[in-house]
Every structure is written in C-alpha cells, then in structure tokens.
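In my numbering, each number is its position in the sequence shown, counted from 1, plus 4.
Beta carbons are placed, not taken as given, at the ideal position from N, Cα and C, and that holds for glycine.
Working notes, beginning with the structure itself.
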Amino acid sequence: AALHEDYRLHAGDARWWSESMVWYGPGGVGTAHSSLEYSTHWLRPLHAAFSNVTMAIDIVVCEGSYCGAHFYLYGIHTGTWLGEEATGKRVSIRCGAHARIEMGKIQEGWMIVDFPLAFHTMGVDLFG
5 AALHEDYRLH AGDARWWSES MVWYGPGGVG TAHSSLEYST HWLRPLHAAF SNVTMAIDIV
65 VCEGSYCGAH FYLYGIHTGT WLGEEATGKR VSIRCGAHAR IEMGKIQEGW MIVDFPLAFH
125 TMGVDLFG
C-alpha cells in the first residue's frame, strides 16, 4: 500500500510512515528523520519532476517486521530532478526498498536507486 500511495497516487503525504521514522535515501538525496522530511525531500521533488508516473513491481518479500521490494518507476521527465532540467523523455528509475514495520507503520526505510540508469534514460552519461 505504501508503494502504491507514495509513487502511483502522488499522495505525497507518506501516511504509511511513522511520524518519527528514519529513511535512508540514496546518495544525492540523503536521510530523512521524519515522514515530513521524507515527503519534502524525496516524494514531492520526484512527483514535481515526473508526470504520468507508472510503477512495475518485480517482487515484494516480507518476513516478520521486514519487507523488501524491487520495482521500477516510469515517468515523463517534465521538471527539474536532481539538478537535471526537464528533458521530456520517458525515464526508467529502478529501485530497491527495504522497510522495518511496527504496528502497521514503517519505522525505518532504506532505498537504493539506480541513478545511472535514470540519467541514462534522460540522455545523460554520468560516467562519461
């Protein structure tokens, strides 16, 4: 439900996250120490930069208090994202997410984002 609301519905309110959660984001984005920071520093900029966002979930695995997911986000790059101005291209963003859940709320989250792939689909070679 959190993946669906955070990325597909553009809710941006992070309602599945504990208010005192910690989110360990990828380099270039950083760490959030509350659901408000997570929404402000990750979700809202992502939604502002991409329109027509779709998501393809490859796998979700849960055991006990932990869940992990591998998924792709796809969207049209219509706004500035991580310093790159809009390209109008359809961008693929590959993600790996892990979460610790207690009492129905995400307490801690870890996110891996394949920035080289995302920027490559924007036409930017990060290694060149």
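Cβ neighbours of residue i in the same chain (closer than 6 angstroms, five flanking residues each side left out)
i, result
"residue 72", "65, 102"
"residue 97", "77, 122"
"residue 36", "27, 42, 45"
"residue 138", "In this structure the chain extends from 5 to 132, so residue 138 is not present and cannot be described."
"residue 117", "30, 99"
"residue 52", "83"
"residue 111", "22, 25, 104"
Neighbourhood of residue i by C-beta distance below 7 angstroms, restricted to the same chain and skipping five residues each side
i, result
"residue 126", "81, 88, 91, 93, 95"
"residue 23", "38, 39"
"residue 34", "45"
Supposed close pair residue i, residue j - CB separation, criterion 8 angstroms
i, j, result
"residue 119", "residue 29", "Actually they do not touch by this definition, with Cβ atoms about 11 angstroms apart."
"residue 75", "residue 62", "6 angstroms"
"residue 115", "residue 27", "7 angstroms"
"residue 83", "residue 56", "Contact flag wrong, Cβ pair sits at about 12 angstroms."
Length of the line joining the Cα atoms of residue i and residue j
i, j, result
"residue 104", "residue 25", "10 angstroms"
"residue 46", "residue 129", "22 angstroms"
"residue 50", "residue 70", "25 angstroms"
"residue 19", "residue 85", "23 angstroms"
"residue 132", "residue 68", "43 angstroms"
"residue 59", "residue 124", "18 angstroms"
"residue 109", "residue 21", "5 angstroms"
Starting from the N-terminal side, write out each stretch of the alpha helix (DSSP H) that is 4 residues or longer and does not extend beyond the region 53-127.
-> Whole alpha helix (DSSP H) segments, 4+ residues: 119-125.
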